[in-house]
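Taken in sequence, the protein lines are chains A and B. Using this note's numbering, the first residue of the first sequence is number 2, and each one after it goes up by one. Using this note's numbering, the first residue of the second sequence is number -18, and each one after it goes up by one. By construction, the Cβ of each residue, glycine as well, lies at the ideal position given by its N, Cα and C atoms. Have a look at the structure below before the remarks.
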Amino acid sequence: MATTVLAPGATRTYRRSALYEWLTTTDHKKIGILYLTNSFLFFLLAGLLALVIRSELAVPGLQFVNSSTYNQLFTMHGTTMIFLVLMPFLAGLGNYAVPLQIGAADMAFPRINALSFWMLPLGGILMFSGFFFGGAAAEGWTSYSPLAQAKYSGSGTDLWIVALLLIGTSSILGSINFLATIFKLRAPGMTLLRMPVFVWTVMVTSLLILLATPVFTSGVFMLYIDRNFGGAFFDPASGGNPILWQNLFWFFGHPEVYILILPAMGVISEVVPVFSRKPIFGYKAFIFATLLIGGLGFSVWAHHMFTTGAVYLPFFSLTTSLIGVPTGIKFFNWIATMWRGKISFATPMLFAVGFLSTFLVGGLDGAILASPPVDFALHDTYWIVAHIHFVFFGGTMFGVFAAAYYWFPKMFGARLDEGLGKIHFVLMLIGTWVTFFPMHLLGLEGMPRRIADYSPAAGWTDLNTVETIGSFIIAISVLPFMWNVFVTLRGPRDAGDDPWDGYTLEWATTSPPPPYNFDHLPPIRSERPLFDLKYGHGARRALPSASVATTQEGAS
Amino acid sequence: MAGRAEALPAPGHGARQGIDTALVGMLLFIASEIMFFAGLFGAYFNIRAEHTVWPPQGFELDLGLAAVLTVILVSSSFTMQYAVSCIRKGDRTGMVRAMTVTVILGVIFLCGQLYDYASLGFGISSGVYGTLFFTMTGFHGAHVLGGVIGMSVVLLRGINGQFSARHHTAVEAVSIYWHFVDVVWIGLFSTLYLLR
């Protein structure tokens, strides 16, 4: 046996139906898988909404939906993708991987963990039920007043508010759980500066959620009071201020974009070293950059409000330019890790490299917008739509799929098929570029976002048609993934405990891990205890040498 | 060399040293609550800054009643801390008595607030000042109610013979929460009644 097999003995089993087991579980691994499954279902739903949106925009004229329905579609697409897909995808990955990576038996508060999860499907159903009660929310995911006031919108917006209160509470409880777990349940030897990068990113993300989401909750409560109890928070006629909503929303909304990208960056930082057969380059610089993003993330929110005339442009322009620096540091980390490494392009690595290309474009789009004169020209054009999709789809979703292929053997004991995985990757990468890149050009030509139709004379038809084709390529790319999961789960579970020759603790237990995860742990002297175990502490390459092979033989 | 011999037993579930995990959870929860009230206070000052006459014409608050309620709530923090110091010494009877007084003070505060609401000459829908006043004090009142419920649970558990000098995390947790609610009220009282 290899030295990494530290399998716990058999644990006592209870006779329960599988359904009961999944509905009542407090095991962080099962809750993690529930999070991921739920997020994937909402991903398909939000993707369908996006396909209707893109079909409508393919050519001028209103073919499929009227403009009122169109408003509901893009509102629900945006809200669903952010609150019910990306956030819970990352929360699910964190739930699964964080306790394993720090050598803990479970999350700190397992029952609160289950509560956090079950609020999500409930919130999602409430939000979508708007379609059956006179139309879903239709003000965009930012829900600005006065559009969001009772005068202009129906019960769909109230359902949207209640759903977001639930989902926000779920995130806050989840973040408390992650932080308590990371602060209190690390294995002996797992100091803060020996935590895997993914755990660090989840920790900083949790801090952002903990401190930003409650402000959003207070703003959403105010909106609810305005709409239902005759409040005047955002009504200038009664002494209120509509810009107040924008401040409250973006004080949360901008940290939110880092909430959505940091754990994906963490995934990339787990995958790139393992498939380059080297430790990560500049671990401490990466941690510092993550903390810097977390701190600066609270000082840039008003760059979403440059054109309101109500914010101090030089300050927010400066901080927005600064926050690009730590992201640049991370790119340097990833590229230097790959530099002179022995790279293998398994599917997780392909998605990681795809992430580097698309997220770079998305990040640069944002850095350009830090300049107020440029922002005044591009505000509310398709440039913004290009930016958000390159960072969230090209960034976060690529990170999520990298993680899915990377941790699937740990979760289910079987590796996803490489051939189908590569088809998935190639289609998704092409689809992403074809769909979202032309949006830059449309933005520069002045096409506004959130319009259901445009004039044939505007000259935007060709690019829109190309984007619609791209969106269907993305939709098709998901099919090989689903087929892959289906056939792999029906096949043999023969991946073994450590199929990628990984560096971190989750690979030291069985696949799938038993309840409470570990019986024994290897000694922890760095952020890569398994790497140390296999290749020696302080080694610079993860390539088996003759002496290591002998040691492994001797130890087995 | 590296090998199985060096493998250490996994620590299992639960913290081994330092501050209790449940208290860490409560402190983190209070951090999020601070940000929730920060949103409300931010809204208040944002709107306050745009008005030259504040409070607007026709909005009169009952400073006397609020001052009495402030004294009651601040006193309850002291009785709460006395309850904690009792249980830290293993004096469960003293803890139960002090906690009973704290619950009663909390209930008196809530009744006083309801009386205040009923006798004020404006409501949540009479302009932005009314909206701000009732939203901020209302959310605070909801937190007082939550604290009273939490303290009642701890009180019942104490009456039933639970808690000792070593095991009383719930008492500590509910006391931190109660002090937080108290501090928020001091902020509200200063902002709404004194600074204006």
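Query raised in the report: Hey, would you say Ser207 of chain A sits closer than 9 Å to Phe250 of chain A, going by beta carbons?
Result: Contact: no.
Requested in this report: Take Ala142 of chain A and list the residues in its own chain whose beta-carbon comes closer than 8 Å to its own, dropping the five residues that flank it on each side.
Outcome: The question names Ala, yet the displayed sequence has Trp at residue 142 of chain A. Within the same chain, Trp142 of chain A has close Cβ partners Thr76, Gly79, Thr80, Ile83.
Query raised in the report: Cα-Cα, which of A:Ile269, A:Gly471, A:Phe235, A:Ser239 is closest to Gln247 of chain A?
Result: Looking at the Cα atoms, A:Phe235 is the closest of the given residues.
**Report entry** Close Cβ partners of Leu74 of chain A (< 6 Å) along its chain, the five nearest in sequence each way excluded
**Finding:** Counting only Cβ-Cβ distances below 6 Å, and skipping sequence neighbours, we find Leu50, Val53, Ile54.
Requested in this report: Report yes or no: do the segment 33 to 41 of chain A and the segment 90 to 102 of chain A share at least 3 C-beta pairs separated by less than 8 Å?
Outcome: They touch, by the three-pair rule.
Requested in this report: Taking Thr118 of chain B as the reference, give the member of B:Met132, B:Ala(-9), B:Phe18 with the closest Cα.
Outcome: Measuring from the Cα of Thr118 of chain B, the nearest candidate turns out to be B:Phe18.
Query raised in the report: Is it right to say Phe352 of chain A is buried, meaning 16 or more other beta carbons lie within 10 angstroms of its own, or is it exposed?
Result: Buried.
Query raised in the report: Could one say the Cβ of Val216 of chain A lies closer than 9 Å to chain B's Cβ atoms, at least one of them?
Result: With respect to chain B, the C-beta atom of Val216 of chain A has a partner C-beta closer than 9 Å.
Query raised in the report: Using a Cβ-Cβ distance under 9 Å, would Ala164 of chain A count as near chain B?
Result: By this cut-off, Ala164 of chain A is not an interface position.
**Report entry** Contact with chain B by Lys30 of chain A, beta-carbon distance below 9 Å
**Finding:** Under the Cβ criterion of 9 Å, Lys30 of chain A is not counted among the residues facing chain B.
Requested in this report: In the DSSP assignment, find the alpha helix (DSSP H) that holds Ile477 of chain A and state where it starts and stops.
Outcome: Note, Ile477 of chain A: alpha helix (DSSP H), 462 to 491.
**Report entry** Cα-Cα separation, Ala403 of chain A to Lys31 of chain A
**Finding:** The straight-line gap from Cα to Cα measures roughly 20 Å.
Requested in this report: With 9 Å as the threshold, decide whether the Cβ of Gly23 of chain B is near any Cβ in chain A.
Outcome: It does; some Cβ of chain A falls within 9 Å.
Query raised in the report: If you measure from the beta carbon of Gly177 of chain A to each beta carbon in chain B, is any gap under 9 Å?
Result: Looking at the sequence provided, one finds Ile at residue 177 of chain A rather than Gly. Yes, Ile177 of chain A counts as interfacial toward chain B.
Query - Nearest candidate by alpha-carbon position, reference Ile89 of chain B, set B:His149, B:Ala47, B:Lys70 - result: Of the listed residues, the one whose Cα sits closest to Ile89 of chain B is B:Ala47.
**Report entry** Distance, Trp119 of chain A Cα to Trp23 of chain A Cα
**Finding:** So the alpha carbons of these two residues sit roughly 12 Å apart.
Query raised in the report: Going along chain B, which residues have a C-beta under 7 Å from Ile173 of chain A?
Result: Under the 7 Å cutoff, chain B gives Ser13.
Report task. Consider the Cβ of Leu9 of chain B: report whether some Cβ of chain A lies at a distance smaller than 9 Å. Result -> For Leu9 of chain B, the nearest beta carbon of chain A is closer than 9 Å to its own beta carbon.
**Report entry** 9 Å Cβ cutoff, Asp236 of chain A in contact with chain B
**Finding:** It does: the Cβ of Asp236 of chain A has a partner Cβ on chain B nearer than 9 Å.
Query raised in the report: Going by beta carbon distance, what residues of the same chain come within less than 7 Å of Leu174 of chain A, once the five residues before and after it are set aside?
Result: Close CB contacts of Leu174 of chain A within its chain, under the 7 Å cut and outside five residues either way in sequence, are with Ile113, Leu116, Ser117 (chain order).
Report task. Label His148 of chain B either buried or exposed according to how many other C-beta atoms from any shown protein chain fall within 10 Å of its C-beta, with 16 as the threshold for buried. Result -> Burial call: exposed.
Report task. May I ask which residues mark the beginning and end of the alpha helix (DSSP H) holding Met16 of chain B? Result -> Its alpha helix (DSSP H) spans residues 2 to 29.
Requested in this report: Examine chain B for any beta-carbon lying closer than 9 Å to the beta-carbon of Ile616 of chain A, and answer yes or no.
Outcome: There is no way to answer for residue 616 of chain A, as the model of chain A reaches only from 2 to 557.
Query raised in the report: Interface residues of chain B around Asp502 of chain A at Cβ under 7 Å?
Result: The premise fails here: Asp502 of chain A is roughly 15 Å from chain B at the closest Cβ pair, so nothing lies under 7 Å.
**Report entry** 7 Å Cβ shell around Thr182 of chain A - same chain, five flanking residues per side excluded
**Finding:** In the same chain as Thr182 of chain A, and ignoring 5 residues on each side of it, the C-beta atoms closer than 7 Å to its own belong to Val99, Pro100, Ala105, Met108, Ala109, in chain order.
Requested in this report: Measure the beta-carbon distance from Met128 of chain A to Leu160 of chain A and round it to whole angstroms, keeping in mind my assumption that it falls under 8 Å.
Outcome: About 6 Å separates the Cβ atoms of Met128 of chain A and Leu160 of chain A, confirming a contact at the 8 Å cut-off.
Query raised in the report: Which word fits Gly(-1) of chain B, buried or exposed, when buried means at least 16 other C-beta atoms lie within 10 angstroms of its C-beta?
Result: By the Cβ-count criterion, Gly(-1) of chain B is exposed, with fewer than 16 other Cβ atoms from all chains shown falling within 10 Å of its own Cβ.
Query raised in the report: Under a three-way DSSP split, which group does Pro500 of chain A fall into?
Result: DSSP, reduced to helix, strand and coil, places Pro500 of chain A outside both helices and strands of the structure shown, so it counts as coil.
Query - Within the segment 97 to 144 of chain A, ranges of the alpha helix (DSSP H) (whole runs, at least 4 residues) - result: Counting whole runs of 4 or more residues, the segment 97 to 144 of chain A contains the alpha helix (DSSP H) stretches 111 to 130.
Query raised in the report: Rounded to whole angstroms, how far is the Cβ of Phe332 of chain A from the Cβ of Gly363 of chain A, which I believe are closer than 8 Å?
Result: Beta-carbon to beta-carbon, Phe332 of chain A and Gly363 of chain A are separated by about 12 Å, too far to satisfy the 8 Å threshold.
Query - Three-state secondary structure assigned by DSSP to Leu63 of chain A - result: Here Leu63 of chain A sits in coil by DSSP.
Query raised in the report: Buried or exposed: which applies to Lys279 of chain A, given that a residue is buried once 16 or more other Cβ atoms fall within 10 Å of its Cβ?
Result: Classified as buried, Lys279 of chain A has 16 or more neighbouring CB atoms from the shown chains inside 10 Å of its CB.
Report task. May I have a chain-ordered list of the alpha helix (DSSP H) segments no shorter than 4 residues that lie completely inside the segment 348 to 384 of chain A? Result -> For the segment 348 to 384 of chain A, whole alpha helix (DSSP H) runs of length 4 or above, ordered along the chain, are 348 to 370, 373 to 379.
Requested in this report: Could you spell out where the alpha helix (DSSP H) holding Ser133 of chain B opens and where it closes?
Outcome: It spans 108 to 140 - the alpha helix (DSSP H) in which Ser133 of chain B sits, taken as one unbroken run.
Query raised in the report: How about Pro481 of chain A and Leu506 of chain A: do their beta carbons lie closer than 9 Å?
Result: No. Outside cutoff.
Requested in this report: Give me the Cα-Cα distance between Leu145 of chain A and Leu522 of chain A, rounded to the nearest whole angstrom.
Outcome: Note that residue 145 of chain A is Tyr in the sequence shown, not Leu. Taking the straight line joining both Cα atoms gives about 51 Å.
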